[in-house]
Amino acid sequence: MKISIIGQGYVGQTLAVGAAVSGYEVVGIDLNEALVSDLGRGESFVPGVESEVLIKLITEKAYLPTSDFKHMKGSNIVVIAVPTPIDKDRKPDLTAVMQACKSINKFIEEPVLVISESTSYPGTLRDVIKPTVEKGSKVNFTFAVAPERVDPGNSKWNITNTTRVVSGLTEEATYGAIDFYSSFCKSIYRASSPEVAEAAKLLENTFRQVNIALINEVSDVMSRLGISANEVVSAASTKPFGFMKFEPSIGVGGHCIPVDPEYLTYFAKKVGVESKLTNLANEINLHRPKQIAQRIKKHLGGDIKGIRIQIAGIAYKTGVPDMRESPAIELIAELNHLGALVSWHDPIVSTFMAQKSLPLDPSINLGLIVTPHSEINFKPWEEANTPVIDLSVGPTNLGWPKFL
Ligand SMILES: NC(=O)c1ccc[n+]([C@@H]2O[C@H](COP(=O)([O-])OP(=O)(O)OC[C@H]3O[C@@H](n4cnc5c(N)ncnc54)[C@H](O)[C@@H]3O)[C@@H](O)[C@H]2O)c1
2 MKISIIGQGY VGQTLAVGAA VSGYEVVGID LNEALVSDLG RGESFVPGVE
52 SEVLIKLITE KAYLPTSDFK HMKGSNIVVI AVPTPIDKDR KPDLTAVMQA
102 CKSINKFIEE PVLVISESTS YPGTLRDVIK PTVEKGSKVN FTFAVAPERV
152 DPGNSKWNIT NTTRVVSGLT EEATYGAIDF YSSFCKSIYR ASSPEVAEAA
202 KLLENTFRQV NIALINEVSD VMSRLGISAN EVVSAASTKP FGFMKFEPSI
252 GVGGHCIPVD PEYLTYFAKK VGVESKLTNL ANEINLHRPK QIAQRIKKHL
302 GGDIKGIRIQ IAGIAYKTGV PDMRESPAIE LIAELNHLGA LVSWHDPIVS
352 TFMAQKSLPL DPSINLGLIV TPHSEINFKP WEEANTPVID LSVGPTNLGW
402 PKFL
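Just so you know, the sequence shown maps onto residues 2 to 405 in my numbering.
Next up, the structure:
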């Protein structure tokens with residue numbers, strides 16, 4: 002069986018390797034030629050996609066990274082794994098999905114099962130993907146969704162042991178998709194319609210957004226009392242039922258938590274429902290870095306003009322170089338806006354917006370730990386007794402006080 006995957010980012014690469022290792026002939030297509038040539042050399046930025054495995058698969062002709070859509074010809078399955086971001090008005094932007102659909106329409110000449118792994122609102126497969134792929138084509142296409150749940154960098158849950166929710170527009174499509182995913186996923190959940198599967202994905206990430214907003218709000222209340230919200234969360238987490246642990250943070254980042262709930266609120270509005278709670282959670286987490294900057298200002302006596310601050314780790318989470326929607330971007334902007342002189346150190350991001358990561362500076366007035374990658378060596382700050390605040394999520398045991 003030949004599988005083509007459009008989009009070779011976090012989701013597409015993870016799937017490409019999963020499918021190729023299971024015996025499929027995989028074509029991984031991406032418009033980004035630099036990314037494709039990195040992959041061709043066995044170089045990947047995605048945690049869990051190992052160089053030796055890539056090289057082995059490429060050598061055995063089990064995996065072909067390419068920018069040439071012609072290689073899709075003869076595929077049995079085409080998977081869409083392109084970004085579904087939000088536009089400047091925070092509305093769904095399906096441009097990449099539409100482009101991917103048009104490429105399938107143009108290059109596929111034989112019957113194919115089209116599966117979308119891209120996150121979107123209910124009805125995207127039926128009302129957007131299907132008509133765009135089929136437009137003017139004589140090919141017999143079938144369609145399914147199988148929203149990706151990969152958590153890059155998570156060593157416990159991966160593409161194999163995370164249950165996959167699958168559903169097709171026809172029985173044939175559903176069974177085709179179940180057959181495909183069963184070859185490398187241990188557990189499949191068949192949803193009764195693609196809309197259920199699409200909505201389930203939005204619910205999963207909206208659930209996180211709402212709970213993170215709640216715990217961030219609680220953190221603000223506790224800080225007024227001089228109590229650590231992290232300690233409150235640890236105490237509450239001892240309850241064995243009815244409570245789930247979420248930890249305070251400087252905001253949410255990545256391609257999922259800040260984005261997917263906006264797809265839900267967009268869809269809710271479309272069907273005439275006001276999603277008050279989700280809107281509020283989006284707002285709380287979006288404005289969180291600004292609030293944290295204010296708390297830091299207060300902590301430093303109310304004036305941070307000219308204060309030299311350095312941030313350790315700017316990626317949106319530990320262990321990944323992913324800067325998409327990282328709350329550190331807004332935190333830096335706000336601290337600068339308040340008059341501080343902010344620099345950053347992140348050995349795995351290394352360059353962002355044409356700025357390079359600077360070495361940890363022991364002489365700064367305040368160090369802020371945001372994303373404590375294991376690659377960061379905190380010795381310069383330890384040895385110089387640099388004042389440091391730990392803003393990172395969860396336990397870090399670095400020895401500096403947790404601020405949230
Ligand atoms: N990153 C995650 O952890 C994660 C988890 C679950 C679901 N998702 C969802 O999966 C989808 C993909 O996310 P991602 O994180 O892999 O994105 P990504 O940005 O890492 O990768 C997408 C890739 O698609 C390529 N691309 C864009 N348009 C294209 C086109 N028309 N043809 C070919 N290639 C194209 C881009 O160059 C990019 O390399 C999104 O809908 C996202 O919400 C992501």
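Just so it is clear, CB atoms sit at the ideal spot from N, CA and C, and this is done for glycine as well.
{"Asked": "CA-to-CA distance, residue 103 to residue 167, given in whole angstroms", "Found": "23 Å"}
{"Asked": "Residues near residue 69 in its chain [Cβ-Cβ closer than 8 Å; skip 5 each side]", "Found": "30"}
{"Asked": "C-beta atoms of residue 314 and residue 256 nearer than 8 Å", "Found": "no"}
{"Asked": "Residue range of the alpha helix (DSSP H) that includes residue 299", "Found": "289-300"}
{"Asked": "Residue 220 (DSSP reduced to helix, strand or coil)", "Found": "helix"}
{"Asked": "Endpoints, the beta strand (DSSP E) within which residue 311 is located", "Found": "309-313"}
{"Asked": "Supposed close pair residue 126, residue 170 - CB separation, criterion 8 Å", "Found": "7 Å"}
{"Asked": "Integer Cβ distance of residue 116 from residue 147, believed to fall under 8 Å", "Found": "5 Å"}
{"Asked": "Segment contact flag, the region 325-332 with the region 289-300, C-beta cutoff 8 Å, min 3 pairs", "Found": "yes"}
{"Asked": "Residue 26 (DSSP reduced to helix, strand or coil)", "Found": "strand"}
{"Asked": "Spatially closest choice to residue 338 from 33, 61, 307, 90, by CA coordinates", "Found": "307"}
{"Asked": "Cβ pair residue 8, residue 101 closer than 8 Å", "Found": "yes"}
{"Asked": "heavy atom of ligand 1 below 7 Å from residue 43 C-beta", "Found": "no"}
{"Asked": "DSSP state of residue 246 mapped onto helix, strand, coil", "Found": "coil"}
{"Asked": "Check: residue 13 C-beta below 7 Å from any heavy atom of ligand 1", "Found": "yes"}
{"Asked": "Contact test: residue 76 Cβ vs ligand 1 heavy atom, cutoff 7 Å", "Found": "no"}
{"Asked": "Contact test: residue 32 Cβ vs ligand 1 heavy atom, cutoff 7 Å", "Found": "yes"}
{"Asked": "At least three beta-carbon pairs within less than 8 Å, the region 245-264 to the region 82-97", "Found": "yes"}
{"Asked": "Own chain, CB closer than 6 Å to residue 2, minus 5 neighbours either side, in chain order", "Found": "25, 77"}
{"Asked": "C-alpha distance - residue 340 paired with residue 392, whole-angstrom precision", "Found": "20 Å"}
{"Asked": "Heavy atom of ligand 1 within 7 Å of residue 165 beta-carbon", "Found": "no"}
{"Asked": "For residue 394 and residue 246, the rounded distance between their alpha carbons", "Found": "12 Å"}
{"Asked": "Integer Cβ distance of residue 206 from residue 262, believed to fall under 8 Å", "Found": "6 Å"}
{"Asked": "Neighbourhood of residue 267 by C-beta, 7 Å cutoff - its chain only, sequence neighbours within 5 removed", "Found": "92, 93, 122"}
{"Asked": "Residue closest to residue 23, alpha-carbon to alpha-carbon, out of 11, 199, 63, 342", "Found": "63"}
{"Asked": "Same chain only: Cβ atoms within 8 Å of residue 397, ignoring 5 sequence neighbours per side", "Found": "370, 373, 391, 403"}
{"Asked": "Residue 154 Cβ short of 7 Å to ligand 1 heavy atom set", "Found": "no"}
{"Asked": "First and last residue of the uninterrupted alpha helix (DSSP H) at residue 265", "Found": "261-271"}
{"Asked": "Exposed unless 16 or more other CB atoms sit within 10 angstroms - verdict on residue 312", "Found": "buried"}
{"Asked": "DSSP bridge partner residues for residue 391 (one or two, in chain order)", "Found": "370, 403"}
{"Asked": "Collapsed DSSP secondary structure at residue 340 in the structure displayed", "Found": "coil"}
{"Asked": "Nearest candidate by alpha-carbon position, reference residue 74, set 111, 192, 88, 235", "Found": "111"}
{"Asked": "Local conformation of residue 63 per DSSP, three classes", "Found": "coil"}
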